[in-house]
Amino acid sequence: MLSLHSRLIAFIIGISIIFVILLFVRKKSLEPMYSFFWILIGIFFISVAFFPNIIYLVSALLGINFSPIGVLVISIFGLGTIILHISTIITKHQRKIREFEKKIALLENKNSK
Amino acid sequence: MNEKKILIIIPAYNEGLIIGKVISEINTIFKTANILVIDAYSSDETCNQVKKNGANIIQIDKIFGIGLAIETGILFAYENDYDFLVRIDGDGQHSPSDVKDLLDFAVNSKSDLTIGSRFLNKSEYHPNYLRLYSIRLLRKLIKIFYKTEITDCTSGCQILSKGLIKELINDEVFEYSEVGIICKTSILEMSIKEKFINMKERKTGTSSFNFKNSFIYMFKNILILLSSININFKK
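Chains as they are written, first to last, in the numbering used here: chain A, 697 to 809; chain B, 3 to 237.
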């Protein structure tokens, strides 16, 4: 079982992640759409604080006997998902920028005549 | 006979020593064609040379690569309603009279994509081995997946018809590359024809192909080729 101490720390981390993300969304420095994954992570921390058995349960489901490794596997998977999500966003932006570059170049050419 | 509107696009980067000669040669052979040079903000005389020779110039940032340069040319051709778009290299490796022959061939055979192939006959072009084998590999892959036989899938001399240009503009996610356009044309079931074109050795300037670029080029092309295979679920 997790000690009360570590459960408290997990709770604080979860709350602060959610707080910071909401602050960022409020200051408009983060799109609400992109905050979704981060808030999920915060919720995960809080739920671990209240129900520490989640860690053992998930580790058992993954077939891992040593539960800290289970935590690592889940966090790597979560971070990987976020990075992939960001990569798709970058691709979308890149396509948009290419389109703009094309149109601006043609307009410049038209204006210079 | 109604006159066809022809646009010749020449992507160039730091070709100041030869671009003026290329443009004047084209002007003497193609009387009615318009020339559009797509320059990547060259640091040498390229821009002045082009303007001196009375050609149109568009500038695109270098980081977007040659693909976007050609796409801009395609968009320009679409907006100004050109019948044929000829894409040649800016380093004077294609002789304008050969290009003229190729264009006549394209007009007469009514093909949508006409490629000037360097391998149908004996040409002066000798690529390094990595490039030669990657071209062969790409040729095999195109034959397997697209049932199209192309001898030179990375040629810098291609002619696009109006119909093909329209299709490319309608496709929002299309990104131009020499191989990508062959795949796209095969998927659209438009006609692709090839004719021999000689390619001279480069006299001035530097080619963008070194070992690293060749590798990236090959990887990118294979990825494009495999990812644009048309999978049809309903028979």
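Note that beta-carbon positions come from the ideal geometry of N, C-alpha and C, so glycine has one too.
Are any of the Cβ atoms in chain C nearer than 8 Å to that of L780 of chain A?
-> Among the chains of the structure shown, chain C does not appear; the protein chains present are A and B.
Among B:I183, B:R204, B:V101, nearest to I194 of chain B - alpha-carbon criterion | Translated into positions along the second sequence, residue 194 of chain B becomes position 192. Ranking B:I183, B:R204, B:V101 by Cα distance to I194 of chain B puts B:I183 first.
Measure the alpha-carbon distance for N215 of chain B versus N761 of chain A and round it to whole angstroms.
-> Taking the second sequence and counting its residues from 1, the one referred to as residue 215 of chain B is at position 213. Taking the first sequence and counting its residues from 1, the one referred to as residue 761 of chain A is at position 65. Cα to Cα, N215 of chain B sits roughly 47 Å from N761 of chain A.
L105 of chain B versus K788 of chain A: straight-line alpha-carbon distance, rounded | On the second sequence, residue 105 of chain B is found 103 positions in, with the first residue counted as 1. On the first sequence, residue 788 of chain A is found 92 positions in, with the first residue counted as 1. One C-alpha to the other measures close to 37 Å.
Among B:Y84, B:A79, B:Y43, B:K53, the one whose alpha carbon lies nearest that of K64 of chain B | Translated into the one-based positions of the second sequence, residue 64 of chain B becomes position 62. Minimum Cα distance to K64 of chain B is reached at B:Y43.
Between the CA atoms of Y131 of chain B and I2 of chain B - distance to the nearest angstrom = The first residue shown for chain B is 3 and the last is 237, placing residue 2 of chain B beyond what the model contains.
If you draw a straight line from the alpha carbon of S113 of chain B to that of N50 of chain B, how long is it in whole angstroms?
-> The residue you call residue 113 of chain B lines up with position 111 of the second sequence. The residue you call residue 50 of chain B lines up with position 48 of the second sequence. Spanning the two alpha carbons is a distance of roughly 36 Å.
Unbroken alpha helix (DSSP H) runs of length 4 or more, entirely within the segment 6-65 of chain B: which are they?
-> 21-31, 48-54
Three-pair Cβ contact test at 8 Å for the segment 118-129 of chain B versus the segment 157-168 of chain B = yes
Starting from the Cα of S45 of chain B, find the closest Cα among B:Q61, B:T30, B:K33, B:I37 and give me that residue.
-> Taking the first residue of the second sequence as position 1, residue 45 of chain B is located at position 43. Measuring from the Cα of S45 of chain B, the nearest candidate turns out to be B:Q61.
Go through its chain and collect everything with a Cβ distance to F198 of chain B's Cβ below 7 Å, but skip five positions before and after it.
-> If you number the second sequence from 1, residue 198 of chain B lands on position 196. The residues are S119, L122, N123.
In the structure shown, what three-state DSSP assignment does K141 of chain B receive?
-> Along the second sequence, one-based indexing puts residue 141 of chain B at 139. The sequence as given places Arg at residue 141 of chain B; Lys does not occur at that position. Helix.
Determine whether the Cβ of F78 of chain B lies closer than 8 Å to any Cβ atom of chain A.
-> Here residue 78 of chain B refers to the residue found at position 76 when the second sequence is read from its first residue. Yes, F78 of chain B lies at the interface with chain A (some Cβ there is under 8 Å from its Cβ).
Between B:I189, B:S26, B:I72, which lies nearest to K798 of chain A when the distance is taken from Cα to Cα?
-> The residue labelled residue 798 of chain A in the question sits at position 102 within the first sequence. Residue B:I72 is the option with its Cα nearest to K798 of chain A.
Per DSSP, what kind of secondary structure is F747 of chain A in: helix, strand or coil?
-> Along the first sequence, read from residue 1 onward, the residue named residue 747 of chain A stands at position 51. Looking at F747 of chain A - three-state DSSP - the assignment turns out to be coil, as it is neither helix nor strand.
Between A:L803, A:N807, A:K792, A:K806, which lies nearest to F66 of chain B when the distance is taken from Cα to Cα?
-> One-based indexing of the second sequence puts residue 66 of chain B at position 64. Nearest of A:L803, A:N807, A:K792, A:K806 to F66 of chain B, Cα basis: A:K792.
Distance between beta carbons of K7 of chain B and D103 of chain B, contact taken as under 8 Å | Taking the second sequence and counting its residues from 1, one reaches residue 103 of chain B at position 101. Taking the second sequence and counting its residues from 1, one reaches residue 7 of chain B at position 5. Actually they do not touch by this definition, with Cβ atoms about 19 Å apart.
First through last residue of the beta strand (DSSP E) which encompasses T153 of chain B = Counted from its first residue, the second sequence places residue 153 of chain B at position 151. Taken as a continuous stretch (DSSP letters only), T153 of chain B belongs to no beta strand (DSSP E), as it is neither H nor E.
For the alpha helix (DSSP H) holding E81 of chain B, just list the boundary residues, first then last.
-> Against the second sequence, residue 81 of chain B aligns to sequence position 79. First-last of the alpha helix (DSSP H) with E81 of chain B: 67-81.
Residues of the segment 54-72 of chain B with a CB closer than 8 Å to any CB of chain A: list them in chain order, please.
-> N58, I59, I60, Q61, I62, D63, F66, L70
Using the DSSP secondary-structure output, state which residues sit across from F2 of chain B in a beta bridge.
-> Since the first and last residues shown for chain B are 3 and 237, residue 2 of chain B lies out of range.
Check the DSSP bridge columns for R722 of chain A and list the partner residues they point to.
-> Residue numbering aside, residue 722 of chain A sits at position 26 when the first sequence is read from its first letter. Beta-bridge pairing links R722 of chain A to no other residue.
When the cut-off is 8 Å and only beta carbons count, does I20 of chain B lie next to chain A?
-> If you number the second sequence from 1, residue 20 of chain B lands on position 18. No - not a single Cβ of chain A is within 8 Å of the one on I20 of chain B.
Take every Cβ of the segment 740-758 of chain A, pair it with every Cβ of the segment 707-714 of chain A, and state whether three or more of those distances are shorter than 8 Å.
-> yes
Where the segment 38-55 of chain B meets chain A: residues whose CB sits under 9 Å from a CB there | L38, I40
Report the rounded CA-to-CA distance for E180 of chain B versus A57 of chain B, giving the unit in angstroms.
-> Residue numbering aside, residue 180 of chain B sits at position 178 when the second sequence is read from its first letter. Residue numbering aside, residue 57 of chain B sits at position 55 when the second sequence is read from its first letter. Cα-Cα distance, rounded: 24 Å.
R141 of chain B classed as buried or exposed, judged by whether at least 16 other C-beta atoms fall within 10 angstroms = For the purposes of this step, residue 141 of chain B is taken as the residue at position 139 of the second sequence. It counts as buried.
Option nearest R703 of chain A by Cα separation, candidates A:E804, A:F740, A:I800, A:L719 | Stepping through the first sequence from its first residue, residue 703 of chain A is reached at position 7. Considering only alpha carbons, the answer is A:F740.
With C-beta atoms as the reference, is D41 of chain B less than 8 Å away from I25 of chain B?
-> If you number the second sequence from 1, residue 41 of chain B lands on position 39. If you number the second sequence from 1, residue 25 of chain B lands on position 23. Taking 8 Å as the Cβ cut-off, D41 of chain B and I25 of chain B do not qualify as a contacting pair.
On the DSSP bridge assignment, give the partners of F86 of chain B in chain order.
-> Stepping through the second sequence from its first residue, residue 86 of chain B is reached at position 84. DSSP output for F86 of chain B lists B:I8, B:S163 as bridge partner(s).
Would you please verify whether the beta carbon of E797 of chain A is less than 8 Å from any beta carbon of chain B?
-> Position 101 of the first sequence, counted from the first residue, corresponds to residue 797 of chain A. Output row for E797 of chain A: interface = yes.
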